[in-house]
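> Before I ask anything, here is the structure I am working with.
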């Protein structure tokens, strides 16, 4: 772009469609005054575009540190490892996260590590997601004057590349569970009704999954993947005793539990074509039982925030269950896709060995069933079909791993998604709306009605072009 | 790389805006109130708790100081009464007066001596104590010895008295202290007619312009001073008259153009530091009859355990009584296995049930001080958060006496003592004492039940400590 002008010549790359990516060059002249400052910034600071990308990621990371700290009060996250996150925040989110058998040539489908062989050759992709959630709570213990909550959270950052024709690889960071709760109960002197303070219980933290997954394709119809995850995180539980009259902190106890260990998930997909119009894919995943090494500390601060105790507890283990899932995907004319999944986590098998904090609740085997339907709009560019946008819908029903007051907590809902692939850039965007109901008001429990809006940004580019230039 | 160079710009702008918006939106978090949900599932996970110990042993003693400076208080405390706990109390006031500054020219043909009297004033804010419905008798005496402090003394004390002569005059009067009004129908003034012999003698001195009158030192050397005493009959209350308003008046009549006009020669109050109140206390037959008194002047103020004084200790500074509190087993709290720190400590002083009423009122302010093994009144104990000197925050409740309590934040003191196991630490304690200036102006007394009384009626030290069991 020439200095002092409002026009510049922009290189255009077409988005990656459902088939092999195409790269075309177009020269167009655009008049975009609003970009002057931004362009000037780039020029003045001499920041190359890739560095801008790095800057963008840095900004995103900073934003994530901010947004990770946010979180709705999720009453059920008090138990176990917190709220297990069954979302993948990817192309399948609009399908109610149904995607064990789903394959994509430009999106990373973390639902099954075997899916990464579906990426286009030499294709690099990066994806991040942000979710806003609005929740409304109901139940006999919920204060009717304060039933709502809203938050925005950063959900993931993943990268993937098709290293060779039969080898896809991905790394990334995904949430495993989150904990965020608070409640207050009167604190009476033992044996009396004399209330001297309130216990303000507060828990927050998250367990995350950093993974490296590799998938290998065999016989053009079978993909095997291994997802080696390092699960880590910290759950902080505060018990703050506050003066009833003033709310001033009298003493606080913070239990920090750091969790870490490796967790491996295996996946497989079998796929092919039936007739001229139908493509099929069958997938399965399996994770063996794992154990999280739990190192906990306890800190007690007095009313002047002076530390009275700092105790390093003996390390222990919190077990993760054996889990498996199966799924199927059927695509008609490269446009209509039907997907269905079933997932199972055998928490019963580890319940007796676990030492999760809390009492009067139990772990139960979790099951999740979901279906989804997708319409993909594609356009032919030369000999290739390029996806322009897509619409998705999904349903899910889940029996969670928590059983409280004799009720296994259920979660069910619907999702709708829309995605568009940028015509002038390697970016694509997805917006997914999900509405769900978790829990019940029976047996003094709480029902959470929630509405999520997830925004996913995907960046894709061909790498290893062997020196070929495009301008 | 060049491919990205241009077309990324627009998207980066959009994304930057998006992230910026995210920063703002992230601050819009709100949280619901889910009540106590989850409290039933909270396990005993080893959190610190607050434990209250209100059964700490408190040793109470009444410390007796044989005298206290009562000079220059501004009030002449005069009266006697019998208190159910303190015995019989008698207080009389010494003062000096001076002749009129400008002497009138008296003419025997025109001026005639009439009378001499003493005026005492009691205004609404002046202290009083006891049953004010009973008439009180007041007598005026002249000091007969040298009106002078003993060697090496610099103030008059409550146990010091000078010889006095016979009564110059007396009156019996009822005083309604809250109006105030006296039965003499003279408003707030108590008038005492004095001996006319003295009156005539002084009148003649004025007439003669005697050096005794015109020279203040000579006058004081001759006249010395006065002492206002309660009458010989037992009274029921004590009143604090305004010292600086007291005046002895010589009345004379002057013939002015055939009319008789009453005039006076005012001998006004002189030298506030020479005015003091002499207080005696006959404890025989009272609960404090066994009070330990000092046997020598150099002895520290002795203390008497509450067990020897009716299972109560007392605060009545005018009589030299303060209460000392020690906590012999305080360190046992810090030695509990779950003790990790002190949160706060509160001392609740409950007046002895039945010991106070609308007649025998409680001192509205009782200060709390540190004290040592010599029973000295040391520095005031401040609350944990600082603030003014603590006075107990009493709100008297005469219908429910047990709700009338003095409370003190003694966190700072307990924090310093709870881990103190050194020798002599048991003698370091707290002292309850009426703060100046009311300590010598007010005779209101406080009786405090010791720990032999039921829990709800006795003094309580509540120690709130932070508890964490080591096995958790």
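Residue numbers (our numbering), protein chains in the order written: chain A, 100 to 570; chain B, 130 to 601. C-beta atoms are modelled at their ideal positions from N, C-alpha and C, and glycine is treated no differently.
Buried or exposed, going by whether 16 or more other CB atoms sit within 10 Å of the CB of residue 174 (chain A)?
Around the beta carbon of residue 174 (chain A), a 10 Å sphere encloses 16 or more other beta carbons of the protein chains shown; the residue is thus reported as buried.
> I'd like to know whether the C-beta of residue 485 (chain B) is nearer than 8 Å to at least one C-beta of chain A.
no
> So, does the CB of residue 208 (chain B) fall closer than 8 Å to a CB anywhere in chain A?
no
> Using a cut-off of 9 Å between C-beta atoms, extract the partners of residue 179 (chain B) located in chain A.
Against chain A, a Cβ distance below 9 Å from residue 179 (chain B) picks out 286, 288, 295, 296, 340, 349 and 350.
> Which ranges does the beta strand (DSSP E) cover as unbroken runs of at least 3 residues, wholly within the region 396 to 450 of chain B, from first to last along the chain?
405 to 411, 432 to 434 and 441 to 444
> Report yes if the C-beta distance between residue 375 (chain B) and residue 250 (chain B) is below 8 Å; otherwise report no.
Between residue 375 (chain B) and residue 250 (chain B), the gap from beta carbon to beta carbon is short of 8 Å.
> Pick out the complete beta strand (DSSP E) segments inside the region 416 to 490 of chain A, 3 residues or longer, and give them in chain order.
Residue ranges of uninterrupted beta strand (DSSP E) with 3 or more members, entirely inside the region 416 to 490 of chain A and ordered along the chain, are 422 to 431, 435 to 444, 460 to 462 and 465 to 480.
> For the pair the region 395 to 404 of chain A and the region 348 to 355 of chain A, tell me if three or more CB-CB distances fall below 8 Å.
yes
> Touch check for the region 529 to 540 of chain A and the region 176 to 194 of chain A: three-plus C-beta pairs under 8 Å?
yes
> Excluding the five sequence neighbours on either side, which residues of its own chain have a C-beta within less than 8 Å of the C-beta of residue 360 (chain B), listed in chain order?
265, 266, 267, 268, 299 and 301
> Using 8 Å as the threshold, is the region 472 to 487 of chain B in touch with the region 574 to 582 of chain B, meaning 3 or more CB pairs across them?
yes
> Quick one: which chain A residues come within Cβ less than 8 Å of residue 299 (chain B)?
Result: empty, since nearest Cβ-Cβ is about 57 Å, beyond 8 Å.
> Taking Cβ positions only, does residue 160 (chain B) come closer than 8 Å to chain A?
yes
> Taking 8 Å as the CB-CB limit, is residue 545 (chain A) close to chain B?
Output row for residue 545 (chain A): interface = yes.
> Residues of chain B with a CB under 8 Å from the CB of residue 300 (chain A): which are they?
167, 168 and 171
> Out of curiosity, what's the CA-to-CA distance linking residue 590 (chain B) and residue 522 (chain B)?
16 Å
> Figure out for me which residue from A:482, A:271, A:389 and A:492 has the closest Cα to the Cα of residue 516 (chain A).
Of the candidates A:482, A:271, A:389 and A:492, the residue whose Cα lies closest to the Cα of residue 516 (chain A) is A:492.
> At the level of alpha carbons, what is the spacing between residue 322 (chain A) and residue 285 (chain A)?
When the Cα atoms are used, residue 322 (chain A) and residue 285 (chain A) turn out to be separated by approximately 57 Å.
> Which whole-angstrom value describes the C-beta separation of residue 584 (chain A) and residue 269 (chain A), a residue pair presumed to lie in contact below a C-beta threshold of 8 Å?
Nothing in the structure corresponds to residue 584 (chain A), since chain A is present only between 100 and 570.
> Taking C-beta to C-beta, are residue 243 (chain A) and residue 163 (chain B) nearer than 8 Å?
no
> Taking 8 Å as the CB-CB limit, is residue 479 (chain B) close to chain A?
no
> Could you check the C-alpha separation between residue 183 (chain B) and residue 596 (chain B) for me, to the nearest Å?
Going by C-alpha positions, residue 183 (chain B) is about 15 Å away from residue 596 (chain B).
> Does the CB of residue 418 (chain A) have a neighbour CB from chain B at under 8 Å?
no
> Please list, in chain order, the residues of the region 380 to 403 of chain A that have any C-beta partner in chain B closer than 7 Å.
397, 399, 401 and 402
> What is the C-beta distance between residue 219 (chain A) and residue 205 (chain A), in whole angstroms, given that I count them as a contact (C-beta under 8 Å)?
7 Å
> Does the distance from the C-beta atom of residue 391 (chain A) to that of residue 419 (chain A) stay below 8 Å?
yes
> Closest Cβ-Cβ distance between residue 510 (chain A) and chain B: below 8 Å?
no
> To the nearest angstrom, how far is the alpha carbon of residue 331 (chain A) from that of residue 450 (chain A)?
Straight through space, the alpha carbons of residue 450 (chain A) and residue 331 (chain A) are spaced by roughly 20 Å.
> List the residues that DSSP assigns as beta-bridge partners of residue 258 (chain A).
A:225 and A:270
> Any chance the region 453 to 462 of chain B sits against the region 557 to 570 of chain B, with 3 or more Cβ pairs inside 8 Å?
Yes, the region 453 to 462 of chain B is in contact with the region 557 to 570 of chain B.
> Output, in sequence order along the chain, the residues in the region 455 to 478 of chain B whose CB is closer than 7 Å to any CB in chain A.
469, 470 and 472
> Rounding to the nearest angstrom, what Cα-Cα distance links residue 169 (chain A) and residue 250 (chain A) in this structure?
Low per-residue confidence applies at residue 169 (chain A): pLDDT is 47, beneath 50, and the placement is therefore not dependable, though the value from the model is reported in the following sentence. Those two C-alpha atoms are separated by around 6 Å.
> Using beta-carbon positions only, say whether residue 297 (chain B) and residue 271 (chain B) come within less than 8 Å of one another.
yes
> Cβ atoms of residue 442 (chain B) and residue 215 (chain B): under 8 Å apart, would you say?
no
> Measure the alpha-carbon distance for residue 193 (chain B) versus residue 533 (chain B) and round it to whole angstroms.
25 Å
> The alpha helix (DSSP H) with residue 341 (chain B) in it runs from where to where?
340 to 343
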